[in-house]
């Protein structure tokens, strides 16, 4: 059987087997690759010479790159991408590209080729962040930005952010990455401390987002509902949780889209603390044509 597969790949033993994969013209293979994902193309590149040539074709990789890939390249020094093939440009853009004083990152998904974005806590406006009685910056390898904002205690809790970029058309989701409790390493093991964690079970935290073309979304979460979490067998304390705020659509009608977001609990009848804020993620979740709802507003929801 191994001999038969070898013959199929290299096109030999034609009398017994007929034409093999090695007989398929490179242009035909390239047409097929247009419908495959980048990992699938790379896996097939080793089959034979035609597949290897098609897997390096600029015409194939041009289709895998986002429509605005030049905007991403403009964030890099020209020598990083000058004279590169489209395949190599895809590889460069699939790694994080920092901008805005390294507080924000862009990259393309290695499977879909869609643009993703992350914004560090340092790239957002946090109420009281300069006062060490309330907030501290904690270096950590658990964040892609290597630092998180830790809240010890505060009465007015508010985190706001904004970004403007020429995102390609699509549907995007925005989420906050946060952590209840402070974590450290002791003797090589991760240890969490919850002596400051309080107040998140009394009132929900409100999340919201809006865009420059009038789209809005909002939601509310109780960050520390121990009884509910135990009933659902969810353990939020000591874990990084992504809280999804909502969705928005980029139609391509504007040269750039501004996205604003916030996370707040401003009921000053009680204090709250013991929370790490890492970053906000903006991830593509679909094409515009797949969406059937109006892009002007999304329903609010409460958890």
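Residue numbers (UniProt numbering): 1 to 303.
Yeah, the Cβ is synthetic: ideal placement off N, Cα and C, and Gly gets one too.
Closest by C-alpha distance to residue 68, out of 123, 281, 89 and 146, is 89. The alpha helix (DSSP H) runs lying completely inside the stretch 177-232 and spanning 4 residues or more are 226-231, given in chain order.
For residue 136, the three-state secondary structure derived from DSSP is strand. In the structure shown, residue 268 falls within a coil segment according to DSSP collapsed to helix, strand and coil. Residue 178 places its beta carbon less than 8 Å from that of residue 241. DSSP places residue 280 inside the beta strand (DSSP E), whose first and last residues are 275-286. Residue state for residue 151 is assigned as strand, using DSSP reduced to three classes. Less than 8 Å divides the Cβ of residue 198 from the Cβ of residue 273.
Along the length of the stretch 80-116, whole alpha helix (DSSP H) runs at least 4 residues long occupy 86-93, reported in chain order. Counting the other CB atoms within 10 Å of its CB gives residue 79 a total below 16, which places it among the exposed residues. Rounded to whole angstroms, the Cβ separation of residue 148 and residue 121 is 6 Å, and the two are in contact under 8 Å. Taking 8 Å as the cut-off, the beta carbon of residue 55 is found closer than this to the beta carbon of residue 44.
In the assembly as shown, residue 60 is a buried residue. Its beta-carbon has 16 or more other beta-carbons within 10 Å. DSSP, reduced to helix, strand and coil, places residue 130 outside both helices and strands of the structure shown, so it counts as coil. In this structure the stretch 137-153 does not lie against the stretch 204-211, because fewer than three pairs of beta carbons, one per stretch, are closer than 8 Å. Per DSSP, residue 145 lies in no beta strand (DSSP E) segment and is marked neither H nor E.
Annotated three-state conformation of residue 260 is strand, per DSSP.
In this structure, residue 218 sits away from residue 119, with a CB-CB distance that is not shorter than 8 Å.
DSSP places residue 43 in the helix class (H, G or I) of the three-state scheme. Here residue 215 is buried: its Cβ has 16 or more other Cβ atoms, across all protein chains shown, within 10 Å.
In this structure, the beta-carbon distance from residue 103 to residue 123 falls below 8 Å. By the criterion of a C-beta distance shorter than 6 Å, residue 41 is surrounded in its chain by 33 and 55, once the five residues flanking it on both sides are discounted.
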